[in-house]
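Everything in the sequence shown is counted per my numbering, starting at 2 for the first residue and increasing by one. All residues carry an ideal CB built from backbone N, CA and C; glycine is no exception. As the structure is a computational prediction, the values presented were derived from the model and not from experiment.
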Amino acid sequence: VQLQASGGGLVQAGESLRLSCVVSKSPFSIKAVAWHRQAPGQQRELVAGITSDDTTDYADSVKGRFTISRDTAKNTVYLQMNSLKPEDTARYYCNARAAVLGDIKGYWGQGTLVTVSS
């Protein structure tokens with residue numbers, strides 16, 4: 002399973018970005034994809050997730066501002082980020098959970114950097 006994240010960049014507070022995560026080369030059933038982020042000196046935290054039946058979940062800090070969605074035809078999961086704040090600055094990683102021989106295994110992409118200036 003390979004995950005390729007893209008879409009990060011430098012924006013000003015209040016602006017928007019859309020991150021993309023392409024999930025490829027998966028011989029296994031993908032059960033869920035999530036976006037996590039890690040700021041310098043901080044632990045990695047869950048931002049948003051979406052399951053194979055389109056159930057979504059969000060961290061309280063991004064509810065109402067971020068939207069996760071997926072395009073199954075493109076094997077891509079998106080994270081639309083609106084009203085960005087400086088505290089959203091972090092490297093954003095996508096994670097896929099796949100059913101592998103009766104077990105659930107997690108896979109990570111390389112991350113994309115989001116910087117929000119005040």
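Here DSSP, grouped into helix, strand and coil, assigns D72 to strand. For the pair of segments examined, the stretch 60-76 was found not to touch the stretch 4-12: the number of CB pairs separated by less than 8 Å stays below three. Cβ contact annotation for K86 (same chain, cutoff 7 Å, sequence separation greater than five): A14 and V117, in chain order. In the DSSP assignment, D58 forms a beta bridge with G50. Counting the other Cβ atoms within 10 Å of the Cβ of D89 gives 16 or more, which makes it buried.
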